[in-house]
Each structure stands twice: as structure tokens, then as C-alpha cells.
Amino acid sequence: MVVSERSFFEDEFHEACELARNMIKEMEYPVIITHHDADGISASGVLMSFFKKEPIKIVVLSGFDPVRAMKISKLRAENIVFLDLGSGQVNTIKRYLSGAQKIVILDHHKPEIAEFRPDFPRKTEIVQVNAHLFGLDGSKEISGAGVAYAVTKLRPELALVGAIGDMQFRYHEKGRLVGYNYTHILPNSAVEERLDITLYGRETRPIYVTLGYCTEPFLPGLTGDKEACLNFLKSLRIPLKDEYGGWKTIADLAPEEKTKLVDGLVKLLIRNGVPLKKYKSLVGFVYRLPNEKPFLRDLREYSTMLNACGRLKRYEVGLKVVQYDKNVYDREKAIREAAGVLVKYKKMLAEGIKALNDVKKGGLIESLPNITATYVKDVINDRIVGVVLGMALGGRIIDFKKPALIAADMTEQEGMVKISARALKEHIKRGVNLREALVKAKNELKLEKSEAGGHDIAAGAIIPKEKLREYIKHVDEKIGEQIMWRA
Ligand SMILES: [Mn+2]
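The numbering used here puts the first residue of the sequence shown at 640, with every later residue one more than the last.
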């Protein structure tokens, strides 16, 4: 008998999914509450396909907290579906939305209450299908969109866009999807998996542009210098343009040309003393939808585009991109629009990185015993601060010997700051769990109107500005305890 690495409670999970599906099927005028990232928008696409005929309302949120719960309660919705959020806020849902008849939560974040049927006032029927309740690791084996797929059996491609948007591939050394994503979703989808050059932009950008923008790994002498990239490609005799004079992308290259490119890059990195660990990610698993529009063909680019729409609050554009059953012309228009949003988003990120560097010069970074904390005030928009931090981690702009935390003023909530925290895999191995630290610190300071949640490796919180110092100190202590406890 073949025994799988780790068993999850497959039958129970699928039973729960079926129960949730039946509940959703009966919903009239459902209100769908979803997260603003690629995973949340993908999950909405899945549900839109499910509710083809039923009029639905979609509310896209950057997070869920009492203030927003109160606003949603004013919609007086009888049927609510939470996507990619909700499990971390079951008590808030109970406090503000117990007027609803049916509530279904489809989530993969660690649940606040580990029960399929959390206790609620009797008139509300509530279930939460959460990966963690069924032995699945929600940080790497299934995404929010994946849970939505498991429930509806629709749009497996979007389920994988969500997984890739949530970086669920990064736990595998060659960037492969694992767990439920791999065993149950990929085989049922039109997505192709193969080992290839992973560089971002492989389907859409001229090769020299791809190299010029490459920060993972950082290419000495090439990153940031387009002229040098062109010369580098010429020296390798890699054709830059196709027969019609259009720029070739990496995906357009023949296998032997790809080999030449990888060889050339590896040699360059070795010459510059870059350790192997940093560039073995040049080749890894890529996921593509061969019949999709070029911008969406590579799932990483697809998810980045949805992320851009979410972060810049162009939800309607992102939602149209994931809605296949809509009229084709409309969707194509939305994809073009999304491409424009993406350009703007990339520009904001570049400005964010620059601002972070300036802040660094200004000395606003504080090094505590167990974390590095930075307060950027309103210099970096709170919606992109987490992404900028992730990039800073990739580019080693911040000292990442310790987990890093960055705080920015909220643009929409006066007096509140948004906190993003990121750790490296090495920190996780030593026992660090950012979500736990952020949540515990919040509870200890009795910050009731605040929120905190996320994953061990990436987490966030929204707290009152006047509590920032104290909060950071508490988080630092929690991280210290986690490491000590493990040591
Ligand atoms: Mn997610």
C-alpha cells in the first residue's frame, strides 16, 4: 500500500464541502465578502460561476474587523458567504452578523474557533469550511480559492491562481504546488505544469526587460541596466526578435536557447560569487494556461494582475477578469484595463522601495532584540506596504536576520496604523509564528477594535497609532518566547 506523506481527512473534508455547497445552493441574493488579494478575487470568480443566475453582491475588503462588520450588518443580508477571510473573525461575525440566516465561511487561514459549526444564536445556520479543520495546511496545500473550488467543483484554474497568488509554491525547493493543490486541483484543471525558466515576465516581456527587472535572483551587472541586458543576450547569440520584428519573450525561446540563457546566467552568477542557493530558483516549476490571453497565460502573472487590481482598489476590473462567462468583449476590455492597473501598481511599488530606502537613511528603523521594526508614516501607502516589505526581503534592503515588521498610517481609518510582518523560512524553522505573535500582542493589550491575522511567515494587523510602540514591544517579546521555547 502506498502511504501518503501526511494524511488529511479527505472524506470528512469532502463531506463538509458538500454540506456547504447545499447551503450555498439555496441562498437567495447572497452577499459575498471577499479578500482584496489575488486569492480572494479568484475565489469570487469561482462563486460567480456558481451563482450564474442568482443576483449577488460582492464586497471586497482588505480585512475584516468590527467596523466593517458593522457596516455590512446594515446591508441586512440573509445569506452571506465569506471567502479567503472570516475564519479568523468568527467572534466578530457572531457579534455583528447574527441576524443572517445562513453564513458560509470558505477559508484557509488559521481559524479562531476550530469548529465546522461554530456556536451561534439558533436562528443563524453557520458552517466554516476551513482547510485546517481537516488536516490540510492552509499556508501551502490549499488556498481560499482552492476551498471555493472544493465546495463548488468549478473553475480549478482560478483555484490555482489563488494558490500561486498566496505563494503556496514557495515551500517546495523547485517551486512546485503541493498537497491538495497538486493532488486534487491541478489534475482537474487545464493548467500545465512544467520545469522551465521561472523569471517573472516570461510570457509577456521582451527578454532583456525580464532580465533588467529581475531581482530574484539579483543579476549583478544586469538588473536595472537594459543596455547591459541587450549586450548580454547578444553575446549568448540568443535571438531577441521574432520573424515579424516583435520582441521575443522567454516563453518564445526554443529549448536549446533556454538552455543557453540559463547557462549564461549561471556563469554570470558564479563569476560574481553568488551562492548556489540564490539562483537555483532560476529554473523551477511554472504553471500556465496555454489557451488564455498572454497577460494571463502564466499563473504568476495572472495573480499579480489580480493583486494589482485589489491593491489599487480597482475591484470591478479584477472581478471582470475572472468572470469567464461574461461577454468576451467585456472581458478583453477588462484585461486591457487590468494591464494598465498593473503598470501603475509596479510604479507604486518601485516608489515604495525607494521610500523605504529614504526612511532607512532617516533612521526610523528600530532594531529590537527579536524583530526589526520600521514606521514609515504615510510615506508608503498602507495598501502596498506588505508587498513592499516582501520585496525588500527579496532584495535584502532590510536586515532580515530577524523577522521584519513595517507600520504605515491607514489612509482610510484616521488614527490607525497598518502593520505588515514578514519572516524567512529559517525563522519559521526556529519556531517563529508571526500570526500568533501579532494576535497575542493584540489580545494582551486588549485592543478590541483592532485586527490581527495571517500566516506564520506573513501576517498583519491594524491597531491604533498611539499603541504602536507598546504593540511592537509586545510582538518582539512574543517572538522571543517562540524562539526560546523551541530552542
Ligand atoms: Mn488566501
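From the three backbone atoms N, C-alpha and C, an ideal C-beta is built for every residue, glycine too. Here the structure is a predicted model, which means the values were calculated and not measured.
Discussion item. Can you tell me whether PRO1103 is helix, strand or coil according to DSSP?
Written reply: strand
Discussion item. Does LEU869 come out as helix, strand or coil in the three-state DSSP assignment?
Written reply: helix
Fill in: Any non-hydrogen atom of ligand 1 closer than 8 Å to ASP1115 Cβ
ASP1115 Cβ: outside cutoff for every heavy atom of ligand 1.
Worksheet item: Taking the alpha-carbon positions, what's the LYS1106 to ALA1047 distance?
Response: Roughly 13 Å separates the two Cα atoms.
Worksheet item: For ligand 1, is there a heavy atom less than 8 Å away from the beta-carbon of GLY885?
Response: no
Worksheet item: With which residues is ASP835 paired in a DSSP beta bridge?
Response: GLY923
Discussion item. On the DSSP letters alone, give me the boundaries of the beta strand (DSSP E) that GLU764 sits inside.
Written reply: Annotation: the continuous beta strand (DSSP E) that includes GLU764 extends over 764-769.
Worksheet entry | Buried versus exposed call for MET709 [16 or more other C-beta atoms within 10 Å across all chains shown] | The residue is exposed, with fewer than 16 neighbouring Cβ atoms inside 10 Å.
Worksheet entry | Cβ contact check for the segment 984-993 and the segment 1051-1070: 3 or more pairs under 8 Å | Result no; under three Cβ-Cβ pairs closer than 8 Å.
Worksheet entry | Alpha-carbon spacing of VAL905 relative to LYS1112, whole angstroms | 43 Å
Worksheet item: Cβ of GLY912 within 8 Å of any heavy atom in ligand 1?
Response: Because no heavy atom of ligand 1 lies under 8 Å away, the Cβ of GLY912 does not count as near it: no.
Item to complete: Go through its chain and collect everything with a Cβ distance to THR849's Cβ below 8 Å, but skip five positions before and after it.
Response: Cβ within range, chain order: LEU838, TYR839, GLY840, ARG841, THR888 and ILE889.
Discussion item. Looking at SER778: is its Cβ nearer than 9 Å to the Cβ of LEU799?
Written reply: no
Worksheet entry | Proximity to ILE909 [Cα-Cα], best of LYS1079, LYS952 and PRO856 | PRO856
Worksheet entry | Reference GLU1005; option with closest CA among ASP1017, VAL982, ALA1031 and ILE1037 | ILE1037
Discussion item. Any heavy atom of ligand 2 closer than 8 Å to the beta-carbon of GLY1025?
Written reply: Ligands displayed in this structure: ligand 1; ligand 2 is not among them.
Practice prompt. Note the first and the last residue of the continuous alpha helix (DSSP H) segment covering PHE689.
Written response: 677-689
Fill in: Cβ-based burial, LYS959 [other Cβ within 10 Å; buried from 16]
buried
Worksheet item: Taking DSSP as the reference, what is the three-state secondary structure of HIS1094?
Response: coil
Fill in: Any non-hydrogen atom of ligand 1 within 8 Å of ASP676 CB
yes
Worksheet item: Looking at GLY679 and ligand 1, is the gap between the Cβ and the nearest heavy atom below 8 Å?
Response: yes
Worksheet item: Considering VAL1055, what are the terminal residues of the beta strand (DSSP E) in which it resides?
Response: In the sequence as displayed, the identity of residue 1055 is Met instead of Val. Its beta strand (DSSP E) spans residues 1055-1061.
Worksheet item: Is ILE695 closer than 9 Å to PHE721 when the C-beta atoms are compared?
Response: No Cβ-Cβ contact shorter than 9 Å links PHE721 with ILE695.
Discussion item. With three or more beta-carbon pairs closer than 8 Å as the criterion, would you say the segment 943-962 touches the segment 973-980?
Written reply: yes
Worksheet item: Is the beta carbon of GLY801 within less than 8 Å of some heavy atom of ligand 1?
Response: Under cutoff, so the answer is yes.
Discussion item. Is it buried or exposed, THR898, if we count other Cβ atoms within 10 angstroms and call 16 or more buried?
Written reply: exposed
Discussion item. Between which two residues does the alpha helix (DSSP H) holding LYS664 run?
Written reply: 649-664
Worksheet item: Going by other Cβ atoms of all chains shown within 10 Å of its Cβ, with 16 needed for buried, is VAL642 buried or exposed?
Response: The pLDDT assigned to VAL642 is 43, lower than 50, so where the model puts this residue is not dependable; a value taken from the coordinates is nonetheless given after this. VAL642 comes out exposed.
Worksheet entry | Local Cβ density within 10 Å of ASP902, reported as buried at 16 or more and exposed below that | exposed
Worksheet item: Taking the alpha carbon of GLY609 as the point to measure from, which residue in HIS674, HIS748 and ALA802 has its own alpha carbon closest?
Response: Residue coverage of the chain in this structure runs from 640 to 1126, which leaves residue 609 outside it and unanswerable.
Practice prompt. Could you tell me if the beta carbon of ASP723 falls within a distance shorter than 8 Å of some heavy atom in ligand 1?
Written response: Within the cutoff, so yes.
Worksheet item: What is the residue span of the alpha helix (DSSP H) that THR862 lies within?
Response: Taken as a continuous stretch (DSSP letters only), THR862 belongs to no alpha helix (DSSP H), as it is neither H nor E.
Worksheet item: Hey, out of LEU951, CYS656 and MET687, whose CA is closest to TYR668's CA?
Response: Minimum Cα distance to TYR668 is reached at MET687.
Worksheet item: With THR862 and GLY851 assumed to form a contact (beta carbons below 8 Å), what rounded beta-carbon distance in angstroms separates them?
Response: 7 Å
Worksheet item: Tell me which same chain residues have a C-beta within less than 6 Å of the C-beta of THR731, skipping the five on either side of it?
Response: Within the same chain, THR731 has close Cβ partners PRO705 and ALA708.
Item to complete: Would you kindly work out how many angstroms separate the C-alpha atoms of ASP650 and GLY774, rounded to a whole number?
Response: Cα to Cα, ASP650 sits roughly 11 Å from GLY774.
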